[in-house]
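Trainee: Just so it is clear: in the sequence shown, position 294 is 293 by numbering that gives the first Met the number 0, and no numbers are missing. Glycine included, each C-beta is placed from N, C-alpha and C at the ideal position.
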Amino acid sequence: MKFRHALLLVVVSCLLAPLSASSTTADEQFLAARAASRNGDKDRLEQLAATLQTYELASYVDYWRLLLDLKETDPAAVEVFLNRNENSYVAEKLRTRWLRQLGEQERWDVFDAQFPRLQDVPQDLACYSLQSRRLKGDPGMLDDALPLWLTLLEPPDPCYPVLEALILDKRILADGVWARIRRQFEANKTAAAAYSMNYLPPSQTPDKKLAQTIIDAPLPWLIRLPGNFSGNRMQRQLAILGIQRIARNDPRMAAEQLRRIAPSLSKDELGWAWTQIGRQAAQSHLPEAIEWYQQAG
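1) Does DSSP classify lysine 188 as helix, strand or coil?
2) May I have the straight-line CA-CA distance separating leucine 162 from leucine 147, to the nearest angstrom?
3) How many Å lie between serine 22 and glycine 39 at the Cα?
4) Tell me which residue opens and which closes the alpha helix (DSSP H) that alanine 261 is part of.
5) Less than 8 Å separating the beta-carbons of proline 217 and glycine 241?
6) Quick check on DSSP: helix, strand or coil for leucine 67?
7) Compare the Cα-Cα distances from proline 157 to each of Asp143, Gln183, Ser128, Ile166 and report the closest residue.
8) Beta-carbon separation of leucine 67 and lysine 41 under 8 Å?
9) Serine 195: buried (16+ other C-beta within 10 angstroms of its C-beta) or exposed?
10) Does glutamate 153 come out as helix, strand or coil in the three-state DSSP assignment?
11) Taking the alpha-carbon positions, what's the methionine 252 to aspartate 111 distance?
12) Just the Cα atoms here: how many angstroms apart are tryptophan 177 and arginine 232?
13) In chain order, what residues of the same chain lie with their CB nearer than 7 Å to the CB of glycine 277, ignoring the 5 residues before and after it?
14) Please state if the CB of leucine 69 and the CB of arginine 96 are separated by a distance shorter than 8 Å.
15) Whose C-beta lies closer than 7 Å to the C-beta of tryptophan 271 among residues of the same chain, with five residues either side of it excluded?
16) Relative to the alpha-carbon of asparagine 187, which residue among Gln243, Leu30, Gln236, Pro115 has its alpha-carbon at the smallest distance?
17) Could you give the DSSP three-state label for tyrosine 54: helix, strand or coil?
18) Output the boundary residues of the alpha helix (DSSP H) element that contains valine 161.
19) So, with DSSP's three-state summary, where would you put phenylalanine 29?
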């Protein structure tokens, strides 16, 4: 009886062993395919893909194959994959990568056909879509782009042509450019703010050295300002930006400097500067914070 029981265990073990080994081998091949994709080993990936066509994650292997050589891949092959795996994670990932490439290559007809099928739209692809609409003369494109002006403070590269279209078509004037720069200073995105200064009219555009001075060490420049600079908009705007930068480290010094230059500033400029000082003071738990907020009006 014991012998028969032992024999049964041996037979069962022999039957199960090939299944286990086969499963493990497929998993290992899948991991090897992923490694080949990451290493850019196209030949190895193709070899492994041929053995994984019935594997439960075969769609990932096909995704890696397409992704490895996406620039040279036949668009029809990409569309076949997307249609076969529609509404899946890998289809969304491939469509995102493909749309990004199509935008870079300005292949707008193919881009426009695929873009509406994207479920989760990254900002750079949204801007490529706006670029395409502008090239096609879509009259609503600028209206849809306008909200980005004060919200997209550190834009990805495809969004710059969209923002610049607002300038070229005079949907944004100097007031709007300064408003964007102030928003960028508030968000501490000073490199982006320095770039935005290029959109100002020449009479209001500081040189790069002065812009960097306002960002890095504005106090000496503020002290050297003339007694009355109310007629110079660039100096007024740079002055309140400098006040904002000082307030980040020393709200009391910023308040002292703002009182000194206040006669040269407009009510709105003063209000913005006092708001910045009040905010920084509140974050530092200074007792003057409420007073400075009240100064903002």
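Mentor: On the basis of the supplied data:
1) For the purposes of this step, residue 188 is identified with residue 189 of the sequence shown, where counting begins at 1. DSSP places lysine 188 in coil when its eight states are reduced to three.
2) Numbered from 1 along the sequence shown, position 163 holds the residue referred to as residue 162. Numbered from 1 along the sequence shown, position 148 holds the residue referred to as residue 147. Whole-angstrom Cα-Cα distance: 8 Å.
3) The count along the sequence shown starts at 1 and reaches residue 22 at position 23. The count along the sequence shown starts at 1 and reaches residue 39 at position 40. Note that serine 22 scores 49 on pLDDT, short of 50, meaning its location in the model is unreliable; the coordinates nonetheless yield the value given after this. So the two alpha carbons sit approximately 26 Å from each other.
4) Within the sequence shown, residue 261 is the residue found at index 262, counting from 1. It is not in any alpha helix (DSSP H) - alanine 261 carries neither H nor E in the DSSP assignment.
5) As a position in the sequence shown, residue 217 is number 218, starting the count at 1. As a position in the sequence shown, residue 241 is number 242, starting the count at 1. In this structure, glycine 241 lies closer than 8 Å to proline 217 by Cβ.
6) Along the sequence shown, read from residue 1 onward, the residue named residue 67 stands at position 68. In the structure shown, leucine 67 sits in a helix (DSSP, three-state: H, G or I).
7) Within the sequence shown, numbered from 1, the residue matching residue 157 stands at position 158. With distances taken between Cα atoms, proline 157 lies closest to Ser128.
8) Here residue 67 corresponds to residue number 68 of the sequence shown, with the count starting at 1. Here residue 41 corresponds to residue number 42 of the sequence shown, with the count starting at 1. Cβ distance < 8 Å, so leucine 67 and lysine 41 count as in contact.
9) Position 196 of the sequence shown, counted from the start, is the residue given in the question as residue 195. Serine 195 is buried by the Cβ-count criterion.
10) Against the sequence shown, residue 153 aligns to sequence position 154. In this structure, glutamate 153 counts as coil in the three-state DSSP scheme.
11) Indexing the sequence shown from 1 puts residue 252 at position 253. Indexing the sequence shown from 1 puts residue 111 at position 112. Going from the Cα of methionine 252 to the Cα of aspartate 111 covers about 54 Å.
12) Here residue 177 corresponds to residue number 178 of the sequence shown, with the count starting at 1. Here residue 232 corresponds to residue number 233 of the sequence shown, with the count starting at 1. Spanning the two alpha carbons is a distance of roughly 10 Å.
13) On the sequence shown, position 278 is the one that residue 277 refers to. So the list reads Ala288, Trp291, Tyr292, Ala295, once near-sequence residues are dropped.
14) Here residue 96 refers to the residue found at position 97 when the sequence shown is read from its first residue. Here residue 69 refers to the residue found at position 70 when the sequence shown is read from its first residue. A contact, by the Cβ cut-off of 8 Å.
15) Residue 271 sits at position 272 when you count from the first residue of the sequence shown. Residues Arg181, Ile239 of the same chain have their beta carbon placed closer than 7 Å to that of tryptophan 271, with the five preceding and five following residues left out of the count.
16) Taking the first residue of the sequence shown as position 1, residue 187 is located at position 188. Taking only the C-alpha atoms, the option nearest asparagine 187 is Gln243.
17) Working through the sequence shown from its first residue, we reach residue 54 at position 55. For tyrosine 54, the secondary structure class from DSSP, reduced to helix, strand or coil, is coil.
18) Taking the sequence shown and counting its residues from 1, the one referred to as residue 161 is at position 162. Run containing valine 161: 159–167, per the alpha helix (DSSP H) assignment.
19) For the purposes of this step, residue 29 is identified with residue 30 of the sequence shown, where counting begins at 1. Here DSSP, grouped into helix, strand and coil, assigns phenylalanine 29 to helix.
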